[in-house]
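Novice: Residues 684 to 1140 (the numbering used here) are what the sequence shown spells out, left to right. Beta carbons are placed, not taken as given, at the ideal position from N, Cα and C, and that holds for glycine. Here it is: the structure, laid out below.
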Amino acid sequence: MALESLSRGIFSALGLLKNKRKLDEDELKEMLRSLRRALQEADFNVRQTKEITDKLEMRMREDEPRPGVNLQTHAMNILYTELVRLLGPSREVRPHQSTILMVGLYGNGKTTSTAKLAEWYRKKHGVRVAVIEADVHRPGAYNQLSQLLEDSTVEVYGEPDNKSAVDIVKNGLKAHAAADLVIIDTAGRHKLDQDLVVELEQISEIANANERFLVIDAQVGQSAGPVAANFHDLAGVTGIVITKLDGTARGGGALSAVATTGAPVMYIGTGEKVGDIEKFESDRFISRLLGMGDIRGLIDLAPEDMDEEEAMRITQRMMSGRFTLNDMYSQMEMMSKVGTIDKLLSFLPSGMFGGMGAMGKNQKEAMQGNLDRYQVIMDSMTTNEKDEPAKIKADRIRRIARGSGVKEKDVRELIGQWNRSRKMMKGMSGNRKMNKQMKQMMRDSEMEDLGIGSRDM
Ligand SMILES: Nc1nc2c(ncn2[C@@H]2O[C@H](COP(=O)(O)OP(=O)(O)OP(=O)(O)O)[C@@H](O)[C@H]2O)c(=O)[nH]1
Ligand SMILES: [Mg+2]
């Protein structure tokens, strides 16, 4: 997950209020101090940091927590709304006869993001996507882009020997006139100089590009703000892609600085691979950052071959409060289909499956082993037993253990795991914000069924 250290910092700060129900002046001050430190370490600027912590302090004093909610959760909820407000709303783009021009400074990730976006739109929208390599300065740019997309059906256009970017764009557009979406990769610059602006304008005009995406490396922290503002003023940026959020502790600075320039952050890059891209939506991003989990992200993650209806059904069950071993089994199946637990973990509320969100690599591997064993055990259970694991008593545990060739303690462990997951689910279904997200998701999918097409874009 991006910004892991910020996430940890926030947890340890708010953790100071764990299980507290009465506000203590010293504890509040200490919590605010650690939170301030965590935000500044993630490179939020001084003003934003003060704004957030002041707001939190005020609301902690004035807002009454909902009945049954402890101060830690109360603080978490307030922080959630404040951070989402700071990062601002996201923008939608529909890939229909569209052209996206990728611009940005040297080495910020334009070519990689071109490939990522192309594959993302192809996959999520099932549309025909082509990319054009119009960087005539960097040697090997065309090869780089082709290689990134070698396993994809996205069409790659380039003329490695042609020195005119404008001509390449013209020819490429002609060759791919039938594509729903064309993404154009351009050359990088040291800074936004007049040459770059002129080239962008020319290509933009030729391409009739309706979108200009600025690609910025998160490593630059707060200076992402001025870069974005400059590009925005001069070239009319319609969306921003922040890359390398996986590799920096300064990502909070880049995200927040850019969000306040008025140019919306549309996507974030979280790795070098083509699949390492996420549509940026501040509410989902923040709920993951705060360990509340991201149900919609979970469904986005389901691979193409996985039935979307099935994913929806499982998630709905997860939220319904009724949670059988079968549901947990389906959830695990979903996990194993998704492949790596790693990515999935970042979408789940931290604390689920015994706090896997905070696990190290070894523990995650151990978890994968557990999943395999659980499946074997469950194959030896009857449907009734899987529906109501709470009713499985000693003699049945013995039978199941014998049937699946494991120790009794393994069966008990599975039931214990189910119990913890079930409690977690209950907690989630009592979470208002989570329920809201869930309902919105259901509405979206109903609209899709009706062909209205409110896809997650
Ligand atoms: N970890 C990580 N690496 C990234 C990400 N995006 C790009 N990179 C890496 O950053 C380096 C530069 O990426 P490019 O896509 O070539 O950047 P560019 O803007 O096209 O560079 P120029 O064409 O030279 O201006 C490559 O090594 C990429 O693998 C990301 O989201 N995470
Ligand atoms: Mg490039």
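Just list the beta strand (DSSP E) runs in the segment 840 to 887, keeping only unbroken ones of 3 residues or longer that don't cross its boundaries, in chain order.
Specialist: 864 to 868
Novice: Comparing C-alpha positions only, which one of Val1094, Ser1104, Ile925 sits nearest to Asp1010?
Specialist: By one-based count along the sequence shown, residue 1010 stands at place 327. Ranking Val1094, Ser1104, Ile925 by CA distance to the CA of Asp1010 puts Ser1104 first.
Novice: Is it the case that the Cβ atoms of Leu664 and Ala901 are separated by a distance below 8 Å?
Specialist: Since the first residue of the chain shown is 684 and the last is 1140, residue 664 is not available in this structure.
Novice: Which complete alpha helix (DSSP H) runs does the segment 773 to 809 hold, if anything under 4 residues is left out?
Specialist: Complete alpha helix (DSSP H) runs here, min 4: 793 to 808.
Novice: Which residues in the same chain as Glu1068 place their Cβ atom closer than 6 Å to its Cβ, once the five residues preceding and following it in sequence are excluded?
Specialist: Residue 1068 sits at position 385 when you count from the first residue of the sequence shown. Excluding positions up to five away in sequence, the list reads Ile1075.
Novice: My understanding is that Leu883 touches Ala860, with C-beta atoms under 8 Å, so please give their C-beta distance in whole angstroms.
Specialist: The residue given as residue 883 occupies position 200 in the sequence shown. The residue given as residue 860 occupies position 177 in the sequence shown. Wrong, their Cβ atoms sit about 22 Å apart, outside the cutoff.
Novice: Any heavy atom of ligand 1 closer than 7 Å to the CB of Glu955?
Specialist: Walking along the sequence shown from the start, residue 955 turns up at place 272. Result yes, Cβ under 7 Å from ligand 1.
Novice: Pull the bridge partners of Asp900 from the DSSP assignment, please.
Specialist: By one-based count along the sequence shown, residue 900 stands at place 217. Bridge partners of Asp900: Thr926.
Novice: Under the rule that 16 or more other beta-carbon atoms within 10 Å means buried, what is Gly1040, buried or exposed?
Specialist: Within the sequence shown, numbered from 1, the residue matching residue 1040 stands at position 357. With a pLDDT of only 43 at Gly1040, under the threshold of 50, the placement of this residue in the model should not be trusted; the figure read from the coordinates follows. So Gly1040 ends up on the buried side.
Novice: What residue ranges within the segment 1045 to 1080 form continuous alpha helix (DSSP H) runs of no fewer than 4 residues, ordered along the chain?
Specialist: 1066 to 1070
Novice: Should Glu838 go down as buried or exposed, given a rule of 16 or more other Cβ atoms within 10 Å for buried?
Specialist: Here residue 838 is taken as the residue at index 155 of the sequence shown, counted from 1. When all chains shown are included, Glu838 counts as buried.
Novice: Give me every residue whose Cβ sits closer than 5 Å to any heavy atom of ligand 2, in chain order.
Specialist: Lys793, Thr794
Novice: Just to confirm before moving on: does the CB-CB distance between Gly771 and Pro947 stay below 8 Å?
Specialist: What you label residue 771 is simply residue 88 of the sequence shown in a count that begins at 1. What you label residue 947 is simply residue 264 of the sequence shown in a count that begins at 1. Pairing Gly771 with Pro947 gives a Cβ-Cβ distance under 8 Å.
Novice: Below 8 Å between beta carbons: does that hold for Leu938 and Gly787?
Specialist: In the sequence shown, counting from the first residue as 1, residue 938 sits at position 255. In the sequence shown, counting from the first residue as 1, residue 787 sits at position 104. Leu938 is not a Cβ neighbour of Gly787, given a cutoff of 8 Å.
Novice: Checking 8 Å against the spacing of the C-beta atoms, do Ile1080 and Glu1071 come in under that value?
Specialist: Here residue 1080 refers to the residue found at position 397 of the sequence shown. Here residue 1071 refers to the residue found at position 388 of the sequence shown. Not closer than 8 Å, so no.
Novice: Does the Cβ of Gln830 lie closer than 7 Å to at least one heavy atom of ligand 1?
Specialist: By one-based count along the sequence shown, residue 830 stands at place 147. Answer for Gln830: no, Cβ out of range of ligand 1.
Novice: Where does the unbroken alpha helix (DSSP H) through Thr714 begin, and where does it stop?
Specialist: Taking the first residue of the sequence shown as 1, we reach residue 714 at position 31. Rather than Thr, the amino acid found at residue 714 in this sequence is Met. Taken as a continuous stretch (DSSP letters only), the alpha helix (DSSP H) holding Met714 covers 708 to 724.
Novice: Give the secondary structure of Lys703 by DSSP, where H, G and I count as helix, E and B as strand, and everything else as coil.
Specialist: Locating residue 703 in the sequence shown gives position 20, counting from the first residue. In this structure, Lys703 counts as coil in the three-state DSSP scheme.
Novice: Please report the straight-line C-alpha distance between Pro822 and Thr795, rounded to a whole angstrom.
Specialist: In the sequence shown, counting from the first residue as 1, residue 822 sits at position 139. In the sequence shown, counting from the first residue as 1, residue 795 sits at position 112. Answer to the nearest angstrom: the Cα atoms are 15 Å apart.
Novice: In angstroms with no decimal places, state the Cα-to-Cα distance between Tyr814 and Pro750.
Specialist: On the sequence shown, position 131 is the one that residue 814 refers to. On the sequence shown, position 67 is the one that residue 750 refers to. A quick correction: the sequence has Val, not Tyr, at residue 814. Val814 and Pro750: Cα-Cα distance of roughly 54 Å.
Novice: Of all the options Asp959, His915, Ser773, which has the alpha carbon lying nearest to the alpha carbon of Gly930?
Specialist: Reading the sequence shown from its first residue, position 247 is the one you call residue 930. Checking every option, the nearest Cα to that of Gly930 belongs to Asp959.
Novice: So what does DSSP say about Gly958, is it helix, strand or coil?
Specialist: As a working note, residue 958 is residue 275 in the sequence shown. Note: Gly958 maps to coil in three-state DSSP.
Novice: To which residues of the same chain is Arg704 closer than 7 Å at the C-beta, ignoring the five residues directly before and after it?
Specialist: Along the sequence shown, one-based indexing puts residue 704 at 21. Same-chain partners within the cutoff: Asn753, Leu754.
Novice: With DSSP collapsed to three states, give me the class of Gly1088.
Specialist: Translated into the one-based positions of the sequence shown, residue 1088 becomes position 405. Coil, per DSSP.
Novice: Let me know if Gln965 comes out buried or exposed under the rule of 16 or more other beta-carbons within 10 Å of its beta-carbon.
Specialist: Walking along the sequence shown from the start, residue 965 turns up at place 282. Note that residue 965 is Ser in the sequence shown here, rather than Gln. Label assigned to Ser965: buried.
Novice: If we count the other Cβ atoms within 10 Å of its Cβ and call it buried at 16 or more, is Pro1012 buried or exposed?
Specialist: The count along the sequence shown starts at 1 and reaches residue 1012 at position 329. Reading off the sequence shown, one finds Tyr at residue 1012, where the question assumed Pro. Buried is the call here.
Novice: Would Thr1065 be called buried (16 or more neighbouring beta carbons within 10 Å of its own) or exposed?
Specialist: On the sequence shown, position 382 is the one that residue 1065 refers to. Answer is exposed; the Cβ neighbour count stays below 16.
Novice: Hey, out of Val903, Glu765, Ala1073, whose CA is closest to Leu739's CA?
Specialist: The residue you call residue 739 lines up with position 56 of the sequence shown. The shortest Cα separation from Leu739 among Val903, Glu765, Ala1073 belongs to Glu765.
Novice: Taking Cβ to Cβ, would you say Thr953 is nearer than 8 Å to Ala685?
Specialist: As a working mapping, residue 953 is identified with position 270 in the sequence shown. As a working mapping, residue 685 is identified with position 2 in the sequence shown. Taking 8 Å as the cut-off, the Cβ atoms of Thr953 and Ala685 count as close.
Novice: Looking at Val903 and Glu802, is the spacing between their C-beta atoms short of 8 Å?
Specialist: Counting from 1 along the sequence shown, the entry for residue 802 is found at position 119. Counting from 1 along the sequence shown, the entry for residue 903 is found at position 220. No, Cβ-Cβ distance for Glu802 and Val903 is not below 8 Å.
Novice: Should Thr926 be counted as a contact of ligand 1 given a C-beta to heavy atom distance under 7 Å?
Specialist: Taking the sequence shown and counting its residues from 1, the one referred to as residue 926 is at position 243. The answer is yes for Thr926.
Novice: Does Ala813 come out as helix, strand or coil in the three-state DSSP assignment?
Specialist: If you number the sequence shown from 1, residue 813 lands on position 130. Three-state DSSP puts Ala813 in a strand.
Novice: So does Val898 have its beta carbon nearer than 7 Å to some heavy atom of ligand 1?
Specialist: Walking along the sequence shown from the start, residue 898 turns up at place 215. Checking the Cβ of Val898 against ligand 1 gives yes.
Novice: Could you work out which residue in Gly935, Val924, Phe968 is closest to Ile951 when comparing CA atoms only?
Specialist: The residue labelled residue 951 in the question sits at position 268 within the sequence shown. Cα-wise, what sits closest to Ile951 is Val924.
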